[in-house]
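K.L.:
Residue numbers (the working numbering), protein chains in the order written: chain A, 77 to 540; chain B, 674 to 1297.
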């Protein structure tokens, strides 16, 4: 083909370099676009004429193709917005495009597409939508078990519902009761005056009539707010009364009675304090046995006792575990003669109003509530493909599945990171270097055309 | 990722430096703010996919605070406030009673009175001396009156202060409850709560001085407050402390378990559940200003008052008492019989019967006290200060015969038979089978100025001249007597009665019998003093003359004041040490902050330098 062949090859080179320039300019234009994957250019040569081996073959024209860089991650940048997220490692968010609205409700395309653009925010309907208008999908989490329910991702919609209250089932109570309780009526010169008033039978509820005598011969044991079924706070107030001293000559153990305030407004012979149980301590101050209010004795004491059907001022809380742990309740001498509670906690909480939504470290969407509780709402699935580079590129940093890319797999190794965004993987310095090279190559190609033209001119000038 | 990545990292470095600068400048600005704790910024490094650093982010502002020391400080602060209040009142009481040498103090007025009495014994006929004696007695009475007024004024003050303190406690608790709610919701929203925590700590530190508290942290960021004795002050919802403040407090007004008998305010805790618990009777408070105020009002000052009352009472009785001796009742031997005329026995006066118990051979004493109000019966043995006697109250309102029957009932077990003929009561033993009667007399209070013996009712209860007999009717006459004691108006009108005690066979103008008896009764005769006033014990009451008792109470109050001052000094050292340690752990150290400022400046410059370099590199590339 000769010179024409050379000019032809140079023109294909020009075309290829302008193709590359297009990619470079596009990449630089999107160097600040979140989740953008740059397109590199790959060149392939075509052999010009046929021989059997390279000694007779000639270099031919060139063809330019784009090369995807989906696997190359961009920098992860910090964002102050709680719902912004980035994928660290391999994978894509599952999203869908919104088509429009019908009757005030959003209609979605129904086709999952995939993106690494994670600048999601909550829209007015509670959907998580990113800057390019794609809506995030997730796997809902079962409220009670905390596990993912279902394997097919569904559209995430965050409702700012109230969080339901949790009824208290256990009170953790650890502390020390004094060997000699200093009550209002205790008098060191009168033996037995530190014990529960003799007018009261240990083990029975305290009537309103006996209240004064009871208060004067018992110790305050702190109080804690517990929650009933619908989250109403109920103040449970404990008091301890010693009913028997340890005596090795009998022999007998020291006995303490636990009471809680059941009805502050009780009058007459109505019970004001409910007897909750009896605790026996040996001479060394260790708890040896407990008797609950149904009369069931546990020896050895175990680590908890049941307060059955606790009702305070008309609020029923049901059965409560009174957990003191092993060795959590002791009877050692105390110079102040008061009950010292070291741990007092309960496991219920009131209902709460949603105060925010965040992305947890394990890639879950977590709602926080003003009662101090948090709840996992969705787990964000990450899809991966066998052939990432064969995905179809859509506007806004999204990619669609093609036959070549394969089916989405939910076994990606990447993880979701909250308060982060993935930057474009374009590096301006790189692109500039390529720009220089491209420019050089383009100039060289034009040189070939000029040279070929001159050579042809020479050939034409041969005939005079 | 190359240059832009470096630029990005440097940018985050700058942002982090700026936030640090923010924190440091806040630290410097608030260095002198009470309760401000040093803040610091925690940072975390972000790593990119290949493990390269891609930025630094500020996470959370934290407070520097030693919570252990804070807890100790709060408990010590309660004790310090307690000691401080006790000391301030104790020193006032001490000043009030004065030391033994102080001019114008109770002791000096007393010595003046005794000195005048002494002068009267040598020149009973001298009108000036008599006048001076009466004047000094008046001065003594008014000194006791004003001391009582001052003590009750202090109690009134404590009452008012308790009211104000309770209001403050309630305010603090509800403020803490509000802050708790804010902290819970802000912490859930991932916002910084350090400023709120500082504010809450300021409240809690103040509260720890008022009540001894125990603060418990909840995982959601709120705190629960209990008294150290386990009463709940705040748990989600605040409890309310109530105080039914009384407008006037007198010596008679005292705290009582029974609301009907209580004449001063009491502290009640109303829990959010609606139950009410009396904090005083159930020992809900053990330290802090509030406990000190209650202690001062109900114990310390009450003790001072009862000492003054006991002094006034014993002094009046010593001067006004006459002893009615018994005569032989004419019983048939081997029985012994004695009779005594009880016509002048007043309510509160006593008849003393002594006998030897045949079985044990021991001498026994029985005191029969006249009571006209049967609701006071039976009397306890502690009604008289004498630890060895057995006390019976005898109701005379039904006449002598009924009184004799009651005496008979009281003494039947001792084998004594009591009978009366008019106001003459005969006591006859059973001839040694169970007992042998050994003595009988009655101590009666003179009501008139003459013809009843040497006893002279120089002091009376109130200006109306009501005789003081330590009667028990209605209320104990002794309570608050020091506030009502006054010189008998009849003596003010006629001071010759200081000497003349008999008008039937008229006493000579120069007869010193009565002045001598009065002087002896005050300075020489020993009495037992009621141990409930704080001196001596039930089994070994303070025993001595009235002068001795006065010295003893002055000494005791000054010892107590000194003791309170020592306790305060000790507690102050401990509390201040803890405060210093707490401040060391939390206070802003200027040097440190300034050094930090330099570090930050360097770091900022370095980050900016990175940016410059990146920019230069870009320029080079662009111009390539």
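For glycine and all other residues, C-beta sits at the position ideal for the given N, C-alpha and C.
#1: Quick one: does residue 441 of chain A have its CB under 7 Å from some CB of chain B?
#2: Taking DSSP as the reference, what is the three-state secondary structure of residue 174 of chain A?
#3: Who are the Cβ neighbours of residue 683 of chain B in its own chain at under 6 Å, not counting the five residues just before and after it?
#4: Name the residues in the stretch 122-156 of chain A whose C-beta lies less than 8 Å from a C-beta of chain B; which are they?
#5: Below 8 Å between beta carbons is the criterion; list the residues of the stretch 193-208 of chain A that meet it against any residue of chain B, in chain order.
#6: So which residues of chain A does residue 904 of chain B contact, with C-beta pairs closer than 9 Å?
#7: Along chain A, which residues have their Cβ under 8 Å away from the Cβ of residue 908 of chain B?
#8: Should residue 82 of chain A and residue 490 of chain A be called a contact, given that it needs their Cβ atoms to be closer than 7 Å?
#9: Count Cβ pairs between the stretch 1166-1182 of chain B and the stretch 1026-1035 of chain B that sit closer than 8 Å; are there 3 or more?
#10: Could you round the C-beta distance between residue 194 of chain A and residue 169 of chain A to whole angstroms and report it? I think they count as a contact, below 8 Å.
#11: Can you find a C-beta in chain A that's less than 7 Å from the C-beta of residue 944 of chain B?
#12: Unbroken beta strand (DSSP E) runs of length 3 or more, entirely within the stretch 131-205 of chain A: which are they?
#13: Taking Cβ to Cβ, would you say residue 428 of chain A is nearer than 7 Å to residue 449 of chain A?
#14: Given 8 Å as the limit, is there contact between the stretch 810-825 of chain B and the stretch 886-905 of chain B, that is, 3 or more CB pairs closer than that?
#15: Return no unless some Cβ of chain A is closer than 7 Å to the Cβ of residue 675 of chain B.
#16: Closer than 9 Å by beta-carbon distance: list the chain A residues that pair up with residue 1294 of chain B, in chain order.
#17: Can you give the beta carbon distance from residue 1145 of chain B to residue 1021 of chain B, rounded, assuming they're within the 8 Å contact cut?
#18: Any Cβ of chain A within less than 7 Å of the Cβ of residue 881 of chain B?
#19: Which same chain residues, not among the five before or five after residue 690 of chain B, have their C-beta less than 8 Å away from its C-beta?
#20: Residue 861 of chain B and residue 236 of chain A - do their beta-carbons sit closer together than 7 Å?
#21: What residues of chain A sit near residue 863 of chain B, judged by a beta carbon separation below 8 Å?
#22: Beta-carbon of residue 858 of chain B versus every beta-carbon of chain A: anything under 7 Å?
#23: With a threshold of 7 Å on Cβ separation, who are the neighbours of residue 935 of chain B within its own chain once the five nearest residues in sequence on each side are excluded?
#24: Quick one: which chain B residues come within Cβ less than 7 Å of residue 337 of chain A?
#25: Residue 171 of chain A and residue 584 of chain A - do their beta-carbons sit closer together than 7 Å?
#26: Given that a residue counts as buried once 16 or more other Cβ atoms are within 10 Å of its Cβ, and exposed if not, what is residue 1065 of chain B?
#27: Along the beta strand (DSSP E) that carries residue 337 of chain A, what are the first and last residues, could you check?
#28: What does residue 388 of chain A reach in chain B if we use C-beta pairs closer than 8 Å?
#29: Report the rounded CA-to-CA distance for residue 278 of chain A versus residue 900 of chain B, giving the unit in angstroms.
#30: Measure from the C-beta of residue 1065 of chain B to each C-beta in chain A and report whether the shortest distance is under 7 Å.
#31: CB-CB under 6 Å to residue 258 of chain A, same chain, minus the five flanking residues each way: which ones, in chain order?
#32: Any chance you could list the alpha helix (DSSP H) runs of at least 4 consecutive residues sitting entirely within the stretch 1159-1234 of chain B, in chain order?
#33: Counting along the chain, where does the beta strand (DSSP E) carrying residue 366 of chain A start and finish?
#34: Give a yes or no on whether the minimum CB-CB distance between residue 427 of chain A and chain B is below 7 Å.
#35: Could I get the ranges of all uninterrupted beta strand (DSSP E) runs contained in the stretch 1091-1157 of chain B, with 3 residues as the minimum, in chain order?
#36: Looking at the strands, I want to know which residues DSSP matches up with residue 216 of chain A.
P.N.:
On the basis of the supplied data:
#1: Numbered from 1 along the first chain, position 365 holds the residue referred to as residue 441 of chain A. Taking Cβ atoms only, chain B never reaches closer than 7 Å to residue 441 of chain A, which makes this a no.
#2: In the first chain, the residue the question calls residue 174 of chain A occupies position 98. Of the three classes helix, strand and coil, the one that applies to residue 174 of chain A here is strand, per DSSP.
#3: The count along the second chain starts at 1 and reaches residue 683 of chain B at position 10. Take residue 683 of chain B, set aside five residues on each side of it, and the residues of its chain with a beta-carbon closer than 6 Å to its own are 1280, 1283, 1284, in chain order.
#4: 149, 150, 151, 152, 153, 154
#5: Of all residues in the stretch 193-208 of chain A, none places a beta-carbon less than 8 Å from a beta-carbon of chain B.
#6: On the second chain, residue 904 of chain B is found 231 positions in, with the first residue counted as 1. Neighbours of residue 904 of chain B on chain A, chain order: 296, 298, 299, 313.
#7: The residue labelled residue 908 of chain B in the question sits at position 235 within the second chain. The contacting residues are 299, 300, 301, 311.
#8: Taking the first chain and counting its residues from 1, the one referred to as residue 82 of chain A is at position 6. Taking the first chain and counting its residues from 1, the one referred to as residue 490 of chain A is at position 414. No, Cβ-Cβ distance for residue 82 of chain A and residue 490 of chain A is not below 7 Å.
#9: no
#10: Counting from 1 along the first chain, the entry for residue 194 of chain A is found at position 118. Counting from 1 along the first chain, the entry for residue 169 of chain A is found at position 93. The Cβ separation is near 6 Å, so the contact holds.
#11: Looking up residue 944 of chain B in the second chain gives position 271. Chain A contact via Cβ: present.
#12: 138-144, 152-154, 161-164, 168-178, 181-184, 189-191
#13: Here residue 428 of chain A is taken as the residue at index 352 of the first chain, counted from 1. Here residue 449 of chain A is taken as the residue at index 373 of the first chain, counted from 1. Yes.
#14: no
#15: In the second chain, the residue the question calls residue 675 of chain B occupies position 2. So, interface residue.
#16: Along the second chain, read from residue 1 onward, the residue named residue 1294 of chain B stands at position 621. Simply 504, 505, 508, 509, 512.
#17: Numbered from 1 along the second chain, position 472 holds the residue referred to as residue 1145 of chain B. Numbered from 1 along the second chain, position 348 holds the residue referred to as residue 1021 of chain B. Between residue 1021 of chain B and residue 1145 of chain B the Cβ distance is about 6 Å, and since that is below 8 Å, they are a contact.
#18: In the second chain, residue 881 of chain B corresponds to position 208, counting from 1. Output row for residue 881 of chain B: interface = no.
#19: Here residue 690 of chain B refers to the residue found at position 17 of the second chain. 1273, 1276, 1277, 1280, listed in sequence order.
#20: Locating residue 236 of chain A in the first chain gives position 160, counting from the first residue. Locating residue 861 of chain B in the second chain gives position 188, counting from the first residue. No. Outside cutoff.
#21: Locating residue 863 of chain B in the second chain gives position 190, counting from the first residue. Correct list: 158, 432, 434, 444.
#22: What you label residue 858 of chain B is simply residue 185 of the second chain in a count that begins at 1. Yes, residue 858 of chain B lies at the interface with chain A (some Cβ there is under 7 Å from its Cβ).
#23: Here residue 935 of chain B refers to the residue found at position 262 of the second chain. Taken in chain order, the residues that qualify are 928, 929.
#24: As a first step, residue 337 of chain A must be located in the first chain, where it is residue number 261. The contacting residues are 946, 948.
#25: It is not possible to answer for residue 584 of chain A, since the shown part of chain A is limited to 77 through 540.
#26: As a position in the second chain, residue 1065 of chain B is number 392, starting the count at 1. Classification of residue 1065 of chain B: buried, given that the 10 Å Cβ count is 16 or more.
#27: Working through the first chain from its first residue, we reach residue 337 of chain A at position 261. Here the beta strand (DSSP E) through residue 337 of chain A covers 330-337.
#28: The residue you call residue 388 of chain A lines up with position 312 of the first chain. Neighbours of residue 388 of chain A on chain B, chain order: 946.
#29: Here residue 278 of chain A refers to the residue found at position 202 of the first chain. Here residue 900 of chain B refers to the residue found at position 227 of the second chain. Roughly 26 Å between the two C-alpha positions.
#30: Stepping through the second chain from its first residue, residue 1065 of chain B is reached at position 392. No - not a single Cβ of chain A is within 7 Å of the one on residue 1065 of chain B.
#31: Within the first chain, numbered from 1, the residue matching residue 258 of chain A stands at position 182. Closer than 6 Å at Cβ, skipping near neighbours: 413.
#32: Taken in chain order, the unbroken stretches of alpha helix (DSSP H) that lie wholly in the stretch 1159-1234 of chain B and span 4 residues or more are 1162-1166, 1186-1196.
#33: The residue labelled residue 366 of chain A in the question sits at position 290 within the first chain. Start and end: 363-368.
#34: Along the first chain, one-based indexing puts residue 427 of chain A at 351. Chain B, which has no Cβ nearer than 7 Å to the Cβ of residue 427 of chain A, makes this no.
#35: 1097-1101, 1108-1118, 1132-1134
#36: Counting from one through the first chain, the residue named residue 216 of chain A turns up at place 140. Residue 216 of chain A is bridged to A:454.
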